[in-house]
Each structure stands twice: as structure tokens, then as C-alpha cells.
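Below: one structure, written as C-alpha cells.
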Amino acid sequence: MYIVVGAVPSTVGGDSEARWFGEEGFSDYKVENGFPVNFPKYLWTAACCTYERKDDRGNLLHEIINTTFDRINDPGDSPCEKRNISVLNQYLSENIKGIVDLFPNNPQCYTSGDDIHFDRDPDPIE
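Here the sequence shown stands for residues 1 to 126, where the numbers follow UniProt numbering.
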């Protein structure tokens with residue numbers, strides 16, 4: 001299984017507005033020298049699992065499942081969005097300078113229709 005976690009700084013792309021700890025709605029934390037700490041505007045996780053299994057006839061099958069979760073970083077409990085890996089990769093490519101390839105040695109991770117599905121929400125962490 002491959003898991004990639006990332007963040008897009010608030011000063012990158014689009015309506016680039018600096019967001020800092022210390023602004024209304026966020027903590028008052030500042031580093032020792034008094035400068036505010038920038039925090040990401042967008043957080044994401046991408047996962048891809050490639051594995052082999054045998055079917056009922058003993059044939060070896062190569063399986064791939066993947067998923068991504070992302071969310072705008074705002075205070076509150078808004079849910080994460082579940083997207084296809086190709087959609088996340090495209091968003092990152094459009095908003096970050098340079099080429100983005102989340103799984104460079106595993107192009108099969110971009111195959112659509114192989115998303116990881118959850119039957120229910122996981123139990124909340126307490």
C-alpha cells in the first residue's frame with residue numbers, strides 16, 4: 001500500500017491569500033520571534049493498494065484499489081471530500097508549479113473504477 005499525504009500552502013495558486021495562525025477563528029500561536037505561522041489552505045491524502053490474489057480457478061489476478069480524501073483547511077468539522085486519484089492529481093498539477101505525479105512508479109494507481117469504498121463511517125477517535 002502506498003499512502004501520500006500533502007498540503008497546499010495558503011500562499012499558492014488561485015485566490016492566494018495568506019492565512020496565519022492568530023487570525024480571527026484560529027489560534028493565537030506565534031513562533032518565538034513573533035512571526036505568525038502560515039497554515040495550509042488545503043489538505044489531502046491519496047492511497048493506492050496493489051496486490052495479487054488467486055481467483056476460484058487458481059488464476060493469479062493483479063488487483064488495484066485507490067482513494068483520495070481532501071478538505072479545505074478551515075476551523076470546524078466539515079467533512080472530507082472523496083475523489084478519484086486522477087482528479088486530485090489534476091488539481092495539484094494546476095495549482096502547484098512543476099509536474100505532479102503522486103505515484104510515479106505505479107501508473108496503475110490512476111485507473112478509475114477501482115476506488116476504495118467504505119460501508120460506513122469509521123468510529124470517531126475519542
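By construction, the Cβ of each residue, glycine as well, lies at the ideal position given by its N, Cα and C atoms.
The structure displayed is predicted, hence computed values, not measured ones.
Whole-angstrom distance between residue j and residue i, CA atom to CA atom
{"i": "Leu-102", "j": "Trp-44", "result": "11 Å"}
{"i": "Ser-86", "j": "Gly-58", "result": "32 Å"}
{"i": "Asp-77", "j": "Leu-92", "result": "23 Å"}
{"i": "Thr-71", "j": "Lys-97", "result": "Note on residue identity: the sequence assigns Arg, not Thr, to residue 71. Distance between the alpha carbons of Arg-71 and Lys-97 is about 20 Å."}
{"i": "Tyr-42", "j": "Ser-10", "result": "8 Å"}
{"i": "Leu-60", "j": "Lys-54", "result": "5 Å"}
{"i": "Asp-74", "j": "His-62", "result": "39 Å"}
{"i": "Val-100", "j": "Val-5", "result": "13 Å"}
{"i": "Pro-40", "j": "Ala-47", "result": "20 Å"}
{"i": "Glu-94", "j": "Pro-104", "result": "18 Å"}
{"i": "Lys-82", "j": "Gln-90", "result": "15 Å"}
Nearest-angstrom Cβ-Cβ length linking residue i and residue j, presumed shorter than 8 Å
{"i": "Gln-108", "j": "Ile-64", "result": "5 Å"}
{"i": "Thr-68", "j": "Leu-88", "result": "4 Å"}
{"i": "Tyr-2", "j": "Asn-106", "result": "7 Å"}
Burial state of residue i, where buried means 16 or more other Cβ atoms lie within 10 Å
{"i": "Val-8", "result": "buried"}
{"i": "Tyr-51", "result": "exposed"}
{"i": "Cys-80", "result": "exposed"}
{"i": "Asp-56", "result": "exposed"}
Beta-ladder partner(s) of residue i, from DSSP
{"i": "Leu-43", "result": "Ala-7, Arg-71"}
{"i": "Ile-64", "result": "Thr-50"}
{"i": "Tyr-2", "result": "Cys-48"}
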